[in-house]
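**Student:** Using the UniProt record's numbering, you'd call the opening residue of the sequence shown number 1 and step up by one each time.
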Amino acid sequence: MGEPMRVIAGRYELQRELGVGGMGAVWLGRDQVLGRSVAIKEVRLAPVDAVGTTKLTAAAFREARTAAALSHTHIVPVYDVVEHRSRPWIVMLAIEGPTLLQRVLDSGPLDVDTVATIGASLASALDAAHEQGIVHRDVKPANVLLATDDHPWLTDFGIAQTLAGASSTSCRAKGSPGYAAPEQVRGEPPGPAVDVFGLGATLYYAVEGEHAFSGDDGWATLMAPEFGVVRTPERAGWLEPILLRMLARRPADRPTLTRIREALRTGRLPQRRGPVRGCLPRLRRR
1 MGEPMRVIAG
11 RYELQRELGV
21 GGMGAVWLGR
31 DQVLGRSVAI
41 KEVRLAPVDA
51 VGTTKLTAAA
61 FREARTAAAL
71 SHTHIVPVYD
81 VVEHRSRPWI
91 VMLAIEGPTL
101 LQRVLDSGPL
111 DVDTVATIGA
121 SLASALDAAH
131 EQGIVHRDVK
141 PANVLLATDD
151 HPWLTDFGIA
161 QTLAGASSTS
171 CRAKGSPGYA
181 APEQVRGEPP
191 GPAVDVFGLG
201 ATLYYAVEGE
211 HAFSGDDGWA
221 TLMAPEFGVV
231 RTPERAGWLE
241 PILLRMLARR
251 PADRPTLTRI
261 REALRTGRLP
271 QRRGPVRGCL
281 PRLRRR
């Protein structure tokens, strides 16, 4: 902030800061070689020693490679990753539009059918990532960009990791309060069901205008899905039983992304055989 306009890696001109998150900032920029607008994520590393900085830089490069390996109409493509002033910078497609979070904050909850359409698109994107062995692990409204006609783009695979590389010793409690699945909070190896939970919490927020789970502080909110119950939806309409199934405490009780996509298009999600375990309210019959 306040710095003069500059060029990084001799190619990317920073124009203006679009937003700041926990791990850095996102800038609107211009690729001077190809003459196109780009979004540039500046990964701001915490002050650590040289070894720690090297590890964090390597992690940022892994993030870029993870996202670059995915090609889908609802996943923000990564063009490049460069190092400038000992910081990694990730160059992506520039999306003109707000995040889903900002849209709800500015204009209020979205209507049920719009949320269902957005949800089906994001489910398709996550399904494509899972087919490549990649779990996003941080699906939330702030990581969904809305372009023209509410075309959703999923971004920020910053804490994603391959299913093959996941292990109980390498996984720690990660994710965002209110959107992290219970098993994720416990530090268990992530599976596709983690993203089903995050997507369910994201769609709940989009249609209700408030979080499915809440606590008195960030830690309490992070732990709420493990020990609390989901708020009873008031605006979700026919989406309610679908969202509640996606937010089930046990991963095995959540539907697959394929079934979710079908349910969001048809308005029906077949009931599981036997009761759904956990502290979620009983689903109302329609």
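C-beta atoms are modelled at their ideal positions from N, C-alpha and C, and glycine is treated no differently.
With distances taken between CB atoms, is the gap from V139 to A201 smaller than 9 Å?
**Tutor:** yes
**Student:** Going by DSSP, name the residue or residues bridged to A25.
**Tutor:** V20 and E42
**Student:** In chain order, what residues of the same chain lie with their CB nearer than 6 Å to the CB of V196, ignoring the 5 residues before and after it?
**Tutor:** Closer than 6 Å at Cβ, skipping near neighbours: M246 and R254.
**Student:** Among residues of its own chain, excluding the 5 on either side of Q15, which ones have a beta-carbon nearer than 8 Å to its beta-carbon?
**Tutor:** M5, W27, L28, G29 and R30
**Student:** Should L34 be labelled buried (16 or more other beta-carbon atoms within 10 Å of its own) or exposed?
**Tutor:** With fewer than 16 other Cβ atoms within 10 Å, it is exposed.
**Student:** Report whether the distance from the Cβ of T54 to the nearest heavy atom of the ligand SAH is below 8 Å.
**Tutor:** Looking for the ligand SAH in the displayed structure turns up nothing, as the structure carries no ligands at all.
**Student:** Please report the residue range of the beta strand (DSSP E) in which D127 lies.
**Tutor:** D127 -> not in any beta strand (DSSP E); alpha helix (DSSP H) instead, spanning V112 to E131.
**Student:** In this structure, what does DSSP give as the bridge partners for S107?
**Tutor:** For S107, which the question treats as bridged, DSSP gives no partner whatsoever.
**Student:** Once you ignore the five residues that flank S176 on each side, which residues in its own chain have a CB closer than 7 Å to its CB?
**Tutor:** D138 and K140
**Student:** So L257 packs on L126, CB below 8 Å; how close in whole Å?
**Tutor:** 6 Å
**Student:** Look up M246 in the DSSP assignment and give the residues it is bridged to.
**Tutor:** Paired residue(s): none; M246 is not in a bridge.
**Student:** Looking at the unbroken alpha helix (DSSP H) that takes in P225, where does it start and where does it end?
**Tutor:** G218 to F227
**Student:** So, under 8 Å CB-CB, A147 and G108 are touching, yes? Tell me the CB distance rounded to an integer number of Å.
**Tutor:** No, A147 and G108 are not in contact; Cβ-Cβ is about 20 Å, not under 8 Å.
**Student:** Measuring only the C-alpha atoms, how far is T169 from E83?
**Tutor:** In this predicted model, T169 has a pLDDT of only 40, less than 50, meaning its place in the structure is not dependable enough to derive any value.
**Student:** Smallest Cα separation from A128: which of G21, R36, A252 and A67?
**Tutor:** A67
**Student:** Mapping the DSSP letters down to three states, classify L269 as helix, strand or coil.
**Tutor:** Judged by DSSP in its simplified three-state form, L269 adopts coil rather than helix or strand.
**Student:** Would you kindly check if the distance between the Cβ of H74 and the Cβ of L154 is under 9 Å?
**Tutor:** yes
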